[in-house]
Amino acid sequence: MEVGATFVISLIHHKKLWGLISCHHYSAKHIPYYTRLAAHLQGIFLSSQIDVRQTADEFGLAKETGKKVVDFQNLLINNPNTLTQKDTLSKIKELINADGVMLHYNEENYTEGNLPGSQEIDDLINWLKSEKGSHSFNTHQLYQHYAGATKIANSIAGVVYLPLSDNNKNCIVWTRREVEKNIDWAGNPSKAVQKNEENLMLSPRKSFEIWKQAVKLTSEEWKTPELKEAETISATIQRQLHLADLKSEEKRFLTLNEKLQKANDELANMNWISTHDLKEPLRKIQVYGSIILEKDGAKIPDSVKENIMRMQKSANKMQVLIDDLLIYSKVMNEERKLDPVDLNEIIGGILLDFKENIEEKNITIELNDLPTVFGIQFQLRQLFLNLISNSIKFIRPKVTPVIIISGEKVTSEKINFASQKFYKIIIKDNGVGFDAAYEEKVFKIFQRLHTQTEFMGTGIGLSICKKIAELHGGYIDAKGVEGEGATFSVYLPFEH
1319 MEVGATFVIS LIHHKKLWGL ISCHHYSAKH IPYYTRLAAH LQGIFLSSQI DVRQTADEFG
1379 LAKETGKKVV DFQNLLINNP NTLTQKDTLS KIKELINADG VMLHYNEENY TEGNLPGSQE
1439 IDDLINWLKS EKGSHSFNTH QLYQHYAGAT KIANSIAGVV YLPLSDNNKN CIVWTRREVE
1499 KNIDWAGNPS KAVQKNEENL MLSPRKSFEI WKQAVKLTSE EWKTPELKEA ETISATIQRQ
1559 LHLADLKSEE KRFLTLNEKL QKANDELANM NWISTHDLKE PLRKIQVYGS IILEKDGAKI
1619 PDSVKENIMR MQKSANKMQV LIDDLLIYSK VMNEERKLDP VDLNEIIGGI LLDFKENIEE
1679 KNITIELNDL PTVFGIQFQL RQLFLNLISN SIKFIRPKVT PVIIISGEKV TSEKINFASQ
1739 KFYKIIIKDN GVGFDAAYEE KVFKIFQRLH TQTEFMGTGI GLSICKKIAE LHGGYIDAKG
1799 VEGEGATFSV YLPFEH
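Going by our numbering, the letters in the sequence shown line up with residues 1319 to 1814, in that order.
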C-alpha cells in the first residue's frame, strides 16, 4: 500500500498520548485549513470523552464501594471485637474487589482469601514494611518491585499496602491474583513496515492482521475509587485497633492496680501486725532490764550491768525504728482529705515540744511569719517535726546553734513543676551539714550520712518528709555544705 499523504489526529489524555486517528491517501493531497481545524476540534472532543467515560465508570464504582464501606463501618461500631475474625476479613477483602487480604497486627498475621503459604506471606509483609514503611503503595505488577513475586503470582500479582501505625508496626495489604491476558494488536508493531524489491511500504495484506500478545504476572489494575476507599477503610481499622489497644491497656492496668492494691493492703496489715507484735516483747525487755538494774543493781557484776544497759539501748533503738515505720505506713495509707493548716501554729507547737532541748543546747531560733496551707495536719506536723528535729540533733560543737525558719511565695519556674504557685518553707541551720553529693540520697529510706555513734537515728525521717510533700502535690529539696550547715526547702501548693 503506497501512501502519498498521511493525516494524524492525536488523542491526548492528562497530557499523555492516549491514541491516534490516522488517515492515509494513495496520492498527494492537501488538507484545507478549516478541515484540519475541524479534525483538531474533533480530536479535542474525543479526548474529553475519555475523561467523561472514565468518570462515569468510576462514579458507579465509587457509589458501590462507598455503600459497602459505610456498612462495614457500622458493622465495626456494633461489633468492635470482630476485626480479626474470618467473616470480617472477608468483608474487608470484598470492599475493594480484592482476592485476598492480610492484616498484620501485633506481630500476628490475620488472613483471608486466595493467598500463598505463611512463609511467603511473612516475606512479603516484611519486605513491604522495610521498603515502603509508613508510605502507602499499590501496584498491579508486583514482579517489577519485589523479587519473590514470580513465585506467588498465581496468588499475588498486585497489592495495595497501607500502614496502620506511625511506628510501622501494623499494616493491611489487599492482594489480587495474576490474570493472564491476550492483547490483540492491529498487526505486529515490530513488523509494521515490510521491504519489497523496490522500497519500504506498508503491506495491504499483512500489516493489519491481528497480532496477539500474552501478558503474564499482572493483576487487574486498581481503580481510583478502590484506592480511595482502601484509605478510608484503613483509617477506620486504624482507629479500631487504637481503641482495642487502649481497652487492652486499660484492662491490664486495672488488673495490675487490683493486684497492687491487694498487695498493698496485705503489706499494710503485715506491717501493722508485725510492728505491734514487736512492741510487746520490746516493752518487756525494757521493763525487765529496768527492774533488774533497780532492784539488783548493787549485787550484779559491772560486766553484767553493762550488758543489760546495752540491751536496753538496743531495745530503745528498735522502739524508735518501729515507731518510724508505723508513721511511714500511716502516711502512705491515710485518707487524702485536705484542710486549711496554719503553719505558725504547727511549728510553734513543735518548738514548744523541743523547748528543753533548745534551752539545753542554747539554740537560737529565728521564726518568721508562715502561711496557712491546705493539707493533712498530722502529716504536715510530722514533716516539720522531722526537719526541726534534725536541725536540733546535728549541731556543731563549740558553735552557737542557729535555726532559721521562714516562708515565701514562689512560682513553678523555680522548680520543675506544673504552672502553679507554691509556698516555699525554708528550715536553715548552721550544724554539721553534709556533702553536696548526697543532696538527693538523703531522702532515700534507711539512708544515713552519719554513724550511730555520732548521732542516733533510723534513716527513715527524711523519707517520710519527701513522701508527705509529694502527697500534698509539692516537693522537698536539700542543700548542704559539710561543716557549715544544711538548708531544707519544702514546696507546698499555694491553692487547694
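Backbone N, C-alpha and C fix where the C-beta goes; we use that ideal spot for every residue, glycine too. Bear in mind the structure is a predicted one, so any value in this text is a computation, not a measurement.
In this structure, DSSP gives residue 1625 a helical state, which the three-state scheme calls helix. Spanning the alpha carbons of residue 1800 and residue 1453 requires a straight line of approximately 60 Å.
When DSSP states are grouped into helix, strand and coil, residue 1803 belongs to the strand group. For the 7 Å CB-CB criterion, residue 1810 and residue 1659 do not form a contact.
Assignment of beta-bridge partners to residue 1414 by DSSP yields no partner. Assigned with DSSP and collapsed to three states, residue 1714 falls in coil, not helix or strand. Under the three-state reduction of DSSP, residue 1606 is assigned to helix. Residue environment: residue 1575 is assigned as exposed (fewer than 16 neighbouring CB atoms within 10 Å of its CB, all protein chains considered).
Ranked by how close their Cα comes to the Cα of residue 1723, the residues 1617, 1564, 1664 have 1664 in first place.
Burial is judged here by how many other beta carbons sit within 10 angstroms of a residue's own beta carbon; residue 1686 has fewer than 16 and is exposed. Counting along the chain, residue 1335 sits inside the beta strand (DSSP E) bounded by residues 1334 to 1343. Checking the DSSP bridge columns, you'll see residue 1421 partnered with 1428, 1490. The region 1462 to 1479 makes contact with the region 1532 to 1540; the number of CB pairs closer than 8 Å reaches 3 or more.
Distance from the Cα of residue 1601 is smallest, within the candidate group 1577, 1616, 1634, 1441, for 1634.
Listed in chain order, the non-local C-beta contacts of residue 1629 below 7 Å within the same chain comprise 1603, 1607, local neighbours out to five positions each way being set aside. Judged by DSSP in its simplified three-state form, residue 1698 adopts helix.
Of the residues assessed, residue 1348 falls on the exposed side of the cut-off, its CB having fewer than 16 other CB atoms within 10 angstroms.
At the C-beta level, residue 1339 and residue 1330 stay beyond 7 Å of one another. Cβ neighbours of residue 1761 within its own chain (closer than 8 Å, five residues either side excluded): 1780, 1781, 1783, 1784, 1794, 1796.
The three-state secondary structure of residue 1724, taken from DSSP, is strand. Note that the C-beta distance between residue 1741 and residue 1812 is below 7 Å. Residue 1456 carries a strand assignment under DSSP once its states are collapsed to helix, strand and coil.
Burial state of residue 1614 is exposed, judged by a 10 Å Cβ sphere holding fewer than 16 other Cβ atoms.
If you look at residue 1742, you'll find it in the beta strand (DSSP E) that goes 1739 to 1747. Put simply, of 1415, 1473, 1459 the residue whose alpha carbon is nearest the alpha carbon of residue 1439 is 1473. Note on residue 1406: 16 or more other CB atoms within 10 angstroms of its CB, so buried under the neighbour-count rule. Per DSSP, the continuous alpha helix (DSSP H) segment holding residue 1787 begins and ends at 1779 to 1789.
In the three-state reduction of the DSSP assignment, residue 1537 falls in the coil class, being assigned neither a helical nor a strand state. If you draw a straight line from the Cα of residue 1436 to the Cα of residue 1427, it is about 9 Å long. Cβ neighbours of residue 1689 within its own chain (closer than 7 Å, five residues either side excluded): 1661, 1725, 1741. Rounded to whole angstroms, the gap between the alpha carbons of residue 1417 and residue 1547 is 16 Å. Within a 10 Å sphere around the beta-carbon of residue 1461 sit 16 or more other beta-carbons, which makes this residue buried. When the beta-carbon positions are compared, residue 1443 and residue 1422 come within less than 7 Å of each other.
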